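Our numbering applies: residue 28 is where the sequence shown begins, and numbers increase by one. For every residue, glycine included, the Cβ atom is placed at its ideal position computed from N, Cα and C. Model, not experiment: these values are computed from the prediction.
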Amino acid sequence: MLNPHNRGVQLFCPTGRYMADILAGVKVLDLSRILAGPYCAQMLSDLGAEVTKVEAPWGDDTRGWGPPFLEDGTAAYHLSCNRGKEIIFHNLKQDKDAIQELISQSDVVIENFRPGQLERLIGKIPESVILCSITGFGQTGPRSQEPGYDLALQAMSGIMSINGEEGGGPVKVPVAWIDVITGLYAGNAILSALFHRERTGKTTHLDISLWDCAIASLVNQGQNQLISGQNPPLLGSGHPNLVPYQAFKTKDGWVVIAVGSDSQFEKLCNALKLDNIWKTNQERVNSREKLVEVIQSKTIDLTRDEVCNLLQGIPTSPINKISEAFDDIQSKARGVIQNWNGNPVLASPLRFISERE
28 MLNPHNRGVQ LFCPTGRYMA DILAGVKVLD LSRILAGPYC AQMLSDLGAE
78 VTKVEAPWGD DTRGWGPPFL EDGTAAYHLS CNRGKEIIFH NLKQDKDAIQ
128 ELISQSDVVI ENFRPGQLER LIGKIPESVI LCSITGFGQT GPRSQEPGYD
178 LALQAMSGIM SINGEEGGGP VKVPVAWIDV ITGLYAGNAI LSALFHRERT
228 GKTTHLDISL WDCAIASLVN QGQNQLISGQ NPPLLGSGHP NLVPYQAFKT
278 KDGWVVIAVG SDSQFEKLCN ALKLDNIWKT NQERVNSREK LVEVIQSKTI
328 DLTRDEVCNL LQGIPTSPIN KISEAFDDIQ SKARGVIQNW NGNPVLASPL
378 RFISERE
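Structure representation (structure tokens):
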């Protein structure tokens with residue numbers, strides 16, 4: 028049985044073309060569920076791989092993660108990470124031979140069972156395939172057998188401790204951020220493994236975990252803690268290392284002002300008619316509260332458009348609703364929303380302009 032979102036429909040790219048033939052001929056078997064693995068497999072499909080996804084007879088859990096739902100009753104969530112795939116339904120415990128046959132025909136297998144569980148279900152995975160195992164905490168370590176969900180990892184990794192306003196409750200990133208990042212890391216690892224196979228003829232077993240990806244994605248905030256020994260404070264929309272670099276209220280909404288250099292700050296002072304008594308970023312960081320208050324006193328008397336027009340040349344943007352972002356002239360020019368089997372979808376951001384000789 029095939030899912031209505033099966034492969035075979037190519038997205039139109041108004042800016043060059045999508046990279047839909049880079050992985051032509053590569054066969055990927057997606058045995059994963061929820062988001063991280065399926066998102067990774069969808070990216071490989073965008074690059075031209077032939078992706079077959081196996082779901083349980085009752086379907087992936089995300090089919091019921093709505094509303095909203097498509098006309099066939101499938102949740103929009105499921106479509107967000109499963110377009111471009113041929114989806115078939117098997118019971119892994121009962122259909123071991125069918126699954127092993129699919130694996131033997133594949134170049135890459137993506138799975139997100141707990142360590143060792145897939146082989147216990149269907150038997151040994153042939154060494155002829157690249158196996159990408161995505162788990163909550165990795166194949167080794169004291170937590171390796173624990174389940175991992177994005178929210179739990181956001182909490183454990185520290186990201187929720189630095190997200191939100193001082194005095195407020197814990198705040199998670201509204202998108203399943205760690206799942207998405209893990210899917211991207213997994214895709215990067217698979218591409219590297221394919222390149223390694225091309226050069227050496229050898230395949231690899233990739234160990235990708237939400238935990239490792241969550242810790243790695245702390246980036247500057249994690250590095251700040253390692254060097255200073257102090258946990259980063261709650262700054263709301265603010266930046267730990269740059270000021271002003273946050274949201275400011277206007278007469279009709281909000282804008283962000285993102286000053287990344289002394290020259291940009293000088294331009295901001297000239298535009299808002301401020302005395303520049305904070306010549307360096309370090310001075311601005313040390314005077315964060317006062318400086319933010321001064322800028323806020325200026326923007327509150329202006330509309331969003333007035334602030335953005337006044338601060339042209341300085342990174343300044345309105346805080347849009349998602350619908351406003353979709354309707355932006357740049358979104359329309361770049362074709363970031365496409366039609367897939369009669370449904371609007373987010374287009375792949377992977378595209379190239381031309382091949383170089």
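Neighbourhood of residue i by C-beta, 6 angstroms cutoff - its chain only, sequence neighbours within 5 removed
{"i": "Arg74", "result": "First, the residue type needs correcting, since residue 74 is Leu and not Arg in the sequence shown. Met46, Ile49 and Leu50."}
{"i": "Glu193", "result": "Leu261"}
{"i": "Val312", "result": "Val270"}
{"i": "Val283", "result": "Ala274 and Ser344"}
{"i": "Leu58", "result": "Val81 and Glu138"}
Cα-Cα separation, residue i to residue j
{"i": "Pro371", "j": "Asn258", "result": "42 angstroms"}
{"i": "Ser288", "j": "Ala374", "result": "33 angstroms"}
{"i": "Val53", "j": "Glu113", "result": "14 angstroms"}
{"i": "Ala182", "j": "Pro197", "result": "9 angstroms"}
{"i": "Ala298", "j": "Leu337", "result": "6 angstroms"}
{"i": "Cys335", "j": "Pro345", "result": "7 angstroms"}
{"i": "Glu293", "j": "Asn303", "result": "7 angstroms"}
{"i": "Leu218", "j": "Gly369", "result": "30 angstroms"}
{"i": "His105", "j": "Trp92", "result": "8 angstroms"}
{"i": "Gln144", "j": "Gln121", "result": "15 angstroms"}
{"i": "Asp234", "j": "Val246", "result": "21 angstroms"}
{"i": "Lys306", "j": "Ser314", "result": "11 angstroms"}
{"i": "Cys296", "j": "Val286", "result": "11 angstroms"}
{"i": "Glu333", "j": "Val202", "result": "30 angstroms"}
{"i": "Asp134", "j": "Ala360", "result": "36 angstroms"}
{"i": "Val211", "j": "Ile157", "result": "The sequence shown places Leu at residue 211, rather than the Val named in the question. Cα to Cα, Leu211 sits roughly 17 angstroms from Ile157."}
{"i": "Pro94", "j": "Gly228", "result": "46 angstroms"}
{"i": "Glu380", "j": "Gln132", "result": "First, the residue type needs correcting, since residue 380 is Ile and not Glu in the sequence shown. Each residue's Cα considered, the two are about 33 angstroms apart."}
{"i": "Glu316", "j": "Ile61", "result": "42 angstroms"}
{"i": "Leu253", "j": "Leu180", "result": "20 angstroms"}
{"i": "Lys348", "j": "Ile356", "result": "15 angstroms"}
{"i": "Glu109", "j": "Tyr66", "result": "Just to set this straight, residue 109 is Asn in the shown sequence, not Glu. The alpha-carbon atoms of Asn109 and Tyr66 are separated by roughly 7 angstroms."}
{"i": "Glu146", "j": "Ala68", "result": "20 angstroms"}
{"i": "Ala63", "j": "Ser244", "result": "15 angstroms"}
Spatial neighbours of residue i in its chain, beta-carbon cut-off 7 angstroms, leaving aside the 5 residues before and after
{"i": "Ile189", "result": "Gln248, Pro259 and Leu261"}
{"i": "Leu178", "result": "Lys199"}
{"i": "Glu320", "result": "none"}
{"i": "Gln291", "result": "Ile341"}
{"i": "Gly150", "result": "Lys123 and Gln127"}
{"i": "Glu154", "result": "Thr230"}
{"i": "Asp239", "result": "Gly165"}
{"i": "Leu97", "result": "Ala103, Leu106 and Asn370"}
{"i": "Leu430", "result": "Absent from the structure is residue 430, since the part of the chain shown begins at 28 and ends at 384."}
Closest Cα partner of residue i within the set the options
{"i": "Val81", "options": "Leu119, Pro197 and Leu71", "result": "Leu119"}
{"i": "Gln309", "options": "Glu351, His266 and Ile349", "result": "His266"}
{"i": "Ser264", "options": "Ser171, Leu148 and Gly191", "result": "Gly191"}
{"i": "Gln323", "options": "Tyr272, Lys348 and Asn366", "result": "Tyr272"}
{"i": "Glu77", "options": "Cys67, Met187 and Leu56", "result": "Leu56"}
{"i": "Met187", "options": "Ala241, Leu58 and Cys67", "result": "Ala241"}
{"i": "His232", "options": "Arg383, Asn139, Gly195 and Leu62", "result": "Asn139"}
Sequence-distant residues of its chain with Cβ nearer than 8 angstroms to residue i (five each side left out)
{"i": "Ile364", "result": "Phe353, Ser358, Pro371, Val372, Leu373 and Ala374"}
{"i": "Phe116", "result": "Met28, Val81, Glu82, Ala83, Pro84 and Gly86"}
{"i": "Met385", "result": "Outside the shown range of the chain, which is 28 to 384, sits residue 385, and nothing can be said about it."}
{"i": "Glu4", "result": "With the chain represented from 28 up to 384, any question about residue 4 goes unanswered, as that position is not in the structure."}
Interface flag, residue i vs chain B, CB-CB below 8 angstroms
{"i": "Gln365", "result": "Going by chain labels, chain B is absent from the structure shown, which holds only one protein chain."}
Q. Counting Cβ pairs closer than 8 angstroms, one from the stretch 323–332 and one from the stretch 277–291, do we hit at least three?
A. yes
Q) Between the stretch 84–93 and the stretch 150–169, do three or more beta carbon pairs fall short of 8 angstroms? A) no
Q) Can you give, in chain order, each stretch of the beta strand (DSSP E) that sits fully within the stretch 229–306 and has at least 3 residues? A) 232–236, 272–277 and 280–285
Q) Which full runs of the alpha helix (DSSP H) of 4+ residues lie inside the stretch 104–161, going along the chain? A) 123–131 and 144–149
Q. Are three or more beta carbon pairs between the stretch 221–230 and the stretch 199–213 nearer than 8 angstroms?
A. no
Q: Report the residue ranges of all alpha helix (DSSP H) runs contained in full by the stretch 327–351; include only those spanning at least 4 residues, in chain order.
A: 331–337
Q.
Going residue by residue through the stretch 42–71, where are the continuous alpha helix (DSSP H) segments of at least 4 residues, counting only ones entirely within it?
A. none
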